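Here the sequence shown is numbered in UniProt numbering, starting from 1 and rising by one per residue. Worksheet for the structure shown next.
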Amino acid sequence: MKEKVMDGLQRFSKAMFVPVLILPIAGILIAIGNIFTNQRLLEVVPFMDNPITTGFGTILSGSLVSILTNLGVIFCVGLAVGLAKKKKAEAGFTALLAFLVFINAMNKFLELRGMLIKADDLQGTGQASILGIQILDMGVFLGIILGIAVGLVHNRFVDTEFHSAFQIYGGSRFVFIVLIPVTVLLAIILTFIWPFVQTGITGLGHFINQSGNFGLFLYGALERLLIPTGLHHLVYTPFLYTSLGGVETIGGHVYEGARNIYYAEMADPNIHLLSRSVIWDARGISKMFGLIGACLAMYQTAKPENKAKVKAILIPAVVTSFVAGVTEPIEFSFMFLAPVLFVLHAGLSGLSMVVLNVLNVRAIGPNGFLDFLLYNVPLGIAKTHWPMYIVVGIAFFFIYFVLFKFLIIQFNLKTVGREAESEETRLYSKQDLKEKESGKKETKDAKAGDAVPVATIIEALGGADNFESVTNCYTRLRTVLKDPSIVDEATLKNETGANAVIIKGNNVHVVYGLKVTAVRNAVDEALGFDVELE
1 MKEKVMDGLQ
11 RFSKAMFVPV
21 LILPIAGILI
31 AIGNIFTNQR
41 LLEVVPFMDN
51 PITTGFGTIL
61 SGSLVSILTN
71 LGVIFCVGLA
81 VGLAKKKKAE
91 AGFTALLAFL
101 VFINAMNKFL
111 ELRGMLIKAD
121 DLQGTGQASI
131 LGIQILDMGV
141 FLGIILGIAV
151 GLVHNRFVDT
161 EFHSAFQIYG
171 GSRFVFIVLI
181 PVTVLLAIIL
191 TFIWPFVQTG
201 ITGLGHFINQ
211 SGNFGLFLYG
221 ALERLLIPTG
231 LHHLVYTPFL
241 YTSLGGVETI
251 GGHVYEGARN
261 IYYAEMADPN
271 IHLLSRSVIW
281 DARGISKMFG
291 LIGACLAMYQ
301 TAKPENKAKV
311 KAILIPAVVT
321 SFVAGVTEPI
331 EFSFMFLAPV
341 LFVLHAGLSG
351 LSMVVLNVLN
361 VRAIGPNGFL
371 DFLLYNVPLG
381 IAKTHWPMYI
391 VVGIAFFFIY
401 FVLFKFLIIQ
411 FNLKTVGREA
421 ESEETRLYSK
431 QDLKEKESGK
441 KETKDAKAGD
451 AVPVATIIEA
461 LGGADNFESV
471 TNCYTRLRTV
481 LKDPSIVDEA
491 TLKNETGANA
501 VIIKGNNVHV
511 VYGLKVTAVR
521 NAVDEALGFD
531 VELE
């Protein structure tokens, strides 16, 4: 039962990346649009103050904000595509149909029961207008529920085929036929159930917000601690895209979730101070500053004869973490060999969010320094207090450095460059620890060429017949295998450039860092799967 639950959570976590990875693009474009309409910038650069550039900025930011007000349908389609094991395009199309059926079914049922609220402003009534149809205000949860339902029904019935005159009703068409009564029934049931769920979610949101700094600390620590399981996305996603991360009315529209609120406030020139909920997205301190201090500590405590190798290994990892916010290559270097450092890292990550909240800093840097510049600088210091963000980051750089160096020396922790003479200097993973304990440590140099060694990757994962599905997130190739016991982890690390291999039941994650998209596409093409980012 435990394995089934974990497998379900892993699949859901992977599927969430389909809609989630699209939303930062909208945020960046909103930021760019805001640059063209920023009054302070226009005063400094007068030639930009003309109807063409300001009109372009207004259209760009205004059009992208519409994505934030329609997250239900986006998550519905995205989740269905992510959960579908095959024929993903058909699953996405069916999900859109199911969403339309649902909102109209709920609207008609509410109308028949006389439950529709007649008001010009539905805010606070528990109802909302979705694609012009008035239903219960379920926010992004509507998309999640329907996306899961469509994914399950699609996987169960997509291979159903009929003969003779009924042949045209097989496959994805039969999936839609099955979904019609399922969706209508869901609409009716949720009409009675959702008001209670809504009350519970609102109460939980108030509790979390009232827990103040303790809630922020717990959130930040858990988001890091769950990285080995691959379930850390399930911690931050609800806060970024649902009412748990805050609810704000901006420009006459209600936005839920820290990141959605941030994007909307970016596009509204009348907002002078970003809301407290944005702190839920302030994960960049440890990525851009803290882990760099940790790397410096590992470099200084390395054996003198290994320092040149350690520098060559850690500098690319530092650049990746600072610029793009990809931290796993660094975290896996001490996560399993020196877990006390990883627990410390998680605690400091949570503490950094508390400090930002206490200092009233509303800047974010979820994906590294480039995001930090795009999201915060155009808004100005008054809105985000972004210079203080950098001050806090520098302070945490020294905190990480001092604490990591002290613990490494005090407990003689075997971080990068402090291995025994018989061991090689490299970034370590969970498998390295297992091999060390069993006395079977391999010492081949990792080879990561420019081209993707797709044949080696597939063979090391048990061959083409061993694959059930392939997806990816920011850094990991996420696979579901029939038999994970035959995975050759040493080959994946030593011959394909993998930083780590994580096996949880039938879920096998291979950490490749920023090149994971190229790896995923190559594997998809070799296996004949649909080539698309998830």
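Ideal placement from N, C-alpha and C gives every residue a C-beta, glycine not left out. Keep in mind that this is a model prediction, so the values were computed, not measured.
Neighbourhood of residue i by C-beta distance below 8 angstroms, restricted to the same chain and skipping five residues each side
i	result
F176	T94, L97 and A98
L42	M48, D49 and T54
P195	G126 and L136
Y169	F162 and I177
N70	I130 and L131
Beta-carbon proximity check, residue i vs residue j, cutoff 8 angstroms
i	j	result
G290	L225	no
V519	L477	yes
N155	K85	yes
I67	A31	no
L356	A282	yes
M16	L79	yes
I133	L374	no
W280	L240	yes
I135	M115	no
E468	K482	yes
P366	N34	no
Y512	N499	yes
G220	M353	yes
T479	V508	yes
I503	P484	yes
K14	G82	yes
S277	G252	no
G409	T301	For clarity, residue 409 is Ile in the given sequence; the question names Gly instead. Yes, Cβ-Cβ distance for I409 and T301 is below 8 angstroms.
K307	G417	yes
E256	V140	yes
E265	I250	yes
V184	V65	no
T237	V45	no
L344	L403	yes
T199	S243	no
N506	I486	no
E90	S164	no
L527	A455	no
A267	G62	yes
One or two residues paired with residue i in a DSSP bridge
i	result
Y255	E248
Q127	L136
Spatial neighbours of residue i in its chain, beta-carbon cut-off 7 angstroms, leaving aside the 5 residues before and after
i	result
F529	V470
F334	L341, F342 and T415
L179	T94, A98, V150 and V153
I117	T125 and Q127
T327	K287, L291 and S321
A446	Note that A446 has pLDDT 34, beneath the 50 cutoff, so the model's placement of it is unreliable and no number is given.
F36	M48, T53, T54, F56 and G57
A346	A221, R224 and L225
I130	G72 and I103
F109	A187, I188 and T191
N412	none
K515	none
K303	G417 and R418
E437	Model confidence at E437 stands at a pLDDT of 45, short of 50, so the residue's coordinates are unreliable; what they give is reported in the following sentence. Cβ neighbours of E437 beyond the five flanking positions: none.
Same chain only: Cβ atoms within 6 angstroms of residue i, ignoring 5 sequence neighbours per side
i	result
Y263	G27, I30 and L68
V18	G78, V81, G82 and E534
Y389	V361 and A363
L122	A128
*Any chance the segment 73–87 sits against the segment 139–156, with 3 or more Cβ pairs inside 8 angstroms?*
yes
*Are the segment 350–362 and the segment 377–387 touching by the rule of at least three beta carbon pairs closer than 8 angstroms?*
yes
*Segment contact, 8 angstroms Cβ cut-off, at least three pairs: the segment 391–400 with the segment 315–322*: no
*Enumerated in chain order, which unbroken segments of the alpha helix (DSSP H) with a length of 4 residues or greater are wholly contained in the segment 86–118?*
88–112
*At 3 residues or longer, and completely inside the segment 297–379: list those beta strand (DSSP E) runs for me, N to C.*
For the segment 297–379, not one full-length beta strand (DSSP E) segment reaches 3 residues or more.
*asked:* Which runs of the beta strand (DSSP E) at least 3 residues long sit entirely within the UniProt domain "PTS EIIB type-1" (451–533)? Give them in chain order.
replied: The beta strand (DSSP E) runs of length 3 or more contained entirely in the UniProt domain "PTS EIIB type-1" (451–533) are, from start to end of the chain, 467–472, 476–481, 500–504 and 507–511.
*Any chance the segment 316–333 sits against the segment 278–292, with 3 or more Cβ pairs inside 8 angstroms?*
As far as the Cβ criterion goes, the segment 316–333 touches the segment 278–292, which means the pair count is three or higher.
_Closer than 8 angstroms is the cut-off here; do at least three beta carbon pairs connect the segment 188–204 with the segment 292–301?_
no
*Decide yes or no for the touch test of the segment 298–314 against the segment 273–282: beta carbon pairs closer than 8 angstroms, at least 3 of them.*
no
*Can you list, in chain order, the stretches of the alpha helix (DSSP H) that have 4 or more residues and sit fully within the segment 50–81?*
51–68
_Report the start-end ranges of each beta strand (DSSP E) in the segment 194–227 that is 3 residues or longer and not cut off at the edges._
Every candidate beta strand (DSSP E) stretch fails here, since none sits fully inside the segment 194–227 while reaching 3 residues.
_Residue ranges of each alpha helix (DSSP H) within the segment 140–203, 4 or longer_ = 140–157
*Output the residue ranges of the alpha helix (DSSP H) runs that lie fully inside the segment 14–45 and measure 4 residues or longer, sorted by chain position.*
The segment 14–45 contains these whole alpha helix (DSSP H) runs: 17–20, 23–37 and 39–44.
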